[in-house]
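Right, one structure below, let's go through it.
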Amino acid sequence: MDVIESIREHVLSNQDDIITDLRKLIKHPSISAQNVGIEECASAVNEVMRNAGISSNIIKLKDGNPIVYGEIKSNSKKTLLLYSHYDVQPVEPLDKWKYNPFSGVIADNKVHGRGASDSKGNVIALIKAAKTFLDTVGEPPMNLKFIIEGEEEISSINLAQFVKDNRQMLKANASLCFDSSLNPAAAASIYAGLKGLLYIELRCKTASIDVHSGLAPIIPNPAWRLVSALDSLKRDGKIIIDGWYDNIKAQTDEELALVDTLEYDEKKIKEEYGVKELQDKTVGKEALKKLLFEPTCNISGIQSGYTSTGSKTVLPNEAFVKLDFRLVYDQSTTDLIKKLRIHLAKRGFTDMTIYKLGTVEPSKTDINAQIVQATSMAADQVYKKKSAPFPNMWGSGPDFVFTKILKLESVWTGCSPAYANIHAPNEFTTIKNVLDGVCYASMIIQEYSHM
């Protein structure tokens, strides 16, 4: 029996234990944005890791949520650092959920609940992959180190400092970040880089209280001020803040050629999200290139004045907007927030206050790196479909702490199903996705150990 079949046989024989532990984690809310259930979930993750044979402990951070850290030693001189997160997004609007988001209900071969796909299913896959080696051959084929953090959904605000403070403890040959999903064709999505993120709140206040709208000719309206400020940021699909594109590294010919080979289903995207056409009427692989390689300026939410039922003639005293900027390699969040401040000041928006809510730096690993190739080889064996690595991900994550601070080659992947309602009501994963995920993580470890 070859390695993949041996691993799959063990996983199938232990599927009840695997799914039980996933449901156990889902039942702990762990909403980092609201500081709900964090300590309890960290303890649950630690318990699952210890029960799997991993030497683990909870590391409490002075100003942040605890990190669950673990190790398994082997006779190998090689070490792989494994990353995922136990925190989840808020569940609102609660009335849109079919099941209680923290019940872990099993229905239609799916496990339902917040965090099922993002990313407790991935956490379980990593832990159970390690247990698979311990149960079958006594030890993994190389040393394993685990970082399971509790702040990924709030921009991993303390992870970089934790990594800087523990460089020696975290010393490794490469990192494997398990926090993603399969593509719509049910093949693995593999990323050799991630976009960065600058998340801000822009707030304007023009009066001490709301006033009668009849005073609009003489009292400045903060909502109009905010609309004007927003209009100055973007035009025809491009960010028009001075110098915004200065530090972007051009894609290599190899990366651009790779994009032409990647799976991309424009029709499925339109159907899934109910849109008739894509932004700026972009079509085909040009849309994919924009998705992977261009920075963004997105309005996440905007609020001012009276928005309830009926009418109220009021001039609001305050308005605010939440903006997220996705960054590409090698833009810097520190540099860009300075450019944003200068941009607004030059245009007279000195009454605007910027609050920085979260930052993540962009990351990049060579697509030919050993850990990227090992992941592709593992994916081909587990999912029986060719999985070419993407040179970049459209989303963001703290991959930079591994590539820029620890100077490791890193890959980002995972086992969640595509379109699993992450960050939305009715999030789910499937039992098959979780079991395959354990096999996938196991085979990445196996393949990389031989490189």
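The numbering of the sequence shown is numbering that gives the first Met the number 0, which starts it at 0 and goes up by one. All residues carry an ideal CB built from backbone N, CA and C; glycine is no exception. Note that the structure is predicted; figures quoted are calculated from it, not measured.
Three-state class that DSSP yields for Glu-200 in the structure shown: Correct three-state label for Glu-200: strand.
Using a threshold of 9 Å, state whether the C-beta atoms of Phe-101 and Pro-28 are closer than that. Against a cut-off of 9 Å, the Cβ pair of Pro-28 and Phe-101 comes out as a contact.
Looking at C-beta atoms only, is the number of pairs between the segment 334-344 and the segment 166-182 that lie closer than 8 Å three or more? No, they do not touch.
Let me check understanding here. Comparing Cα to Cα, which of Val-258, Asp-379, Ala-159 lies closest to Phe-399? Ranking the options by Cα distance to Phe-399, first place goes to Ala-159.
Determine, using beta carbons only, whether Leu-434 and Leu-11 come nearer to each other than 9 Å. Yes. Within cutoff.
Drop a sphere of 10 angstroms on the beta-carbon of Tyr-272, count the other beta-carbons inside from all chains shown, and report buried for 16 or more, exposed for fewer. Looking at its Cβ environment, which holds fewer than 16 other Cβ atoms inside 10 Å, Tyr-272 is exposed.
How many whole angstroms separate the CB atoms of Gly-149 and Ile-37, which I take to be in contact at a CB cut-off of 8 Å? At roughly 5 Å, the Cβ-Cβ gap stays under 8 Å, so Gly-149 and Ile-37 are in contact.
Report the three-state DSSP secondary structure of Cys-414 (helix, strand or coil). Here Cys-414 carries a coil assignment [DSSP, helix/strand/coil].
Based on Cα-Cα distance, which residue from Ala-423, Tyr-439, Val-437 lies nearest to Lys-97? If you compare the alpha carbons of Ala-423, Tyr-439, Val-437 with that of Lys-97, the shortest gap goes to Ala-423.
Pick from Gly-213, Leu-277, His-211, Tyr-263 that is closest to Gly-236, judged by C-alpha positions: The residue among Gly-213, Leu-277, His-211, Tyr-263 with its C-alpha nearest the C-alpha of Gly-236 is Leu-277.
Between Ala-51 and Ala-129, how many whole angstroms is the CB-CB distance? I'm expecting something under 8 Å. Correct: roughly 6 Å between the Cβ atoms.
Which residues bound the alpha helix (DSSP H) around Gly-63? Counting along the chain, Gly-63 falls outside any alpha helix (DSSP H), though it belongs to the beta strand (DSSP E) covering 63-71.
Length at least 4, wholly inside the segment 197-255: the alpha helix (DSSP H) runs in chain order: Runs of the alpha helix (DSSP H) lying entirely within the segment 197-255 and spanning at least 4 residues, in chain order: 221-230.
Inter-residue CB distance, Leu-291 and Val-258 (contact presumed, cutoff 8 Å): About 7 Å separates the beta carbon of Leu-291 from that of Val-258, a gap short enough to meet the 8 Å contact definition.
I'd like to know if the segment 380-389 and the segment 174-190 are in contact, where contact means that at least 3 CB-CB pairs between them fall below 8 Å. Contact holds: three or more Cβ-Cβ distances are below 8 Å.
Taking C-alpha atoms, which residue in Pro-183, Lys-109, Thr-306, Arg-166 lies nearest to Gln-264? According to the sequence as given, residue 264 is Asp; it is not Gln. Of Pro-183, Lys-109, Thr-306, Arg-166, the residue nearest in Cα terms is Pro-183.
Rounded straight-line distance, which links the Cα of Ser-307 to that of Ser-155: Answer to the nearest angstrom: the Cα atoms are 35 Å apart.
Residue range of the unbroken beta strand (DSSP E) whose run includes Thr-19: For Thr-19, no beta strand (DSSP E) run applies; the uninterrupted alpha helix (DSSP H) run containing it begins and ends at 14-25, by DSSP.
By the 10 Å Cβ neighbour count, where 16 or more other Cβ atoms means buried, how is Asp-86 classified, buried or exposed? Asp-86 is classed as buried because its beta carbon has at least 16 other beta carbons within 10 Å across all chains shown.
Here's the rule: buried if 16 or more other CB atoms are within 10 angstroms of the residue's CB, otherwise exposed. What is Met-481? As shown, the chain starts at 0 and ends at 450. That puts residue 481 outside it, with no answer to give.
My guess is that Asn-13 and Ser-73 are in contact by the Cβ rule of under 8 Å, so how many angstroms apart are they, rounded? Not quite, the Cβ-Cβ distance comes to about 21 Å (not below 8 Å), so this is no contact.
Kindly confirm or deny that the segment 321-335 and the segment 293-307 touch, where touching means at least three C-beta pairs closer than 8 Å. Short answer: they touch.
Who does Gly-195 pair with in a DSSP beta bridge? Residue pairing for Gly-195: DSSP places it in a beta bridge opposite Leu-326.
Looking only at DSSP bridge pairs, what is Ala-43 linked to? DSSP lists no bridge partner for Ala-43.
Just to confirm, are Lys-194 and Arg-325 a CB contact at a threshold of 9 Å? Yes.
Distance between beta carbons of Asn-108 and Ile-444, contact taken as under 8 Å: Not really, about 27 Å apart at Cβ, beyond 8 Å.
Per DSSP, which residues does Lys-109 bridge with? Please list them. Residue pairing of Lys-109 in beta bridges, as defined by DSSP: Ala-106, Thr-429.
Just the Cα atoms here: how many angstroms apart are Ile-3 and Pro-139? One C-alpha to the other measures close to 14 Å.
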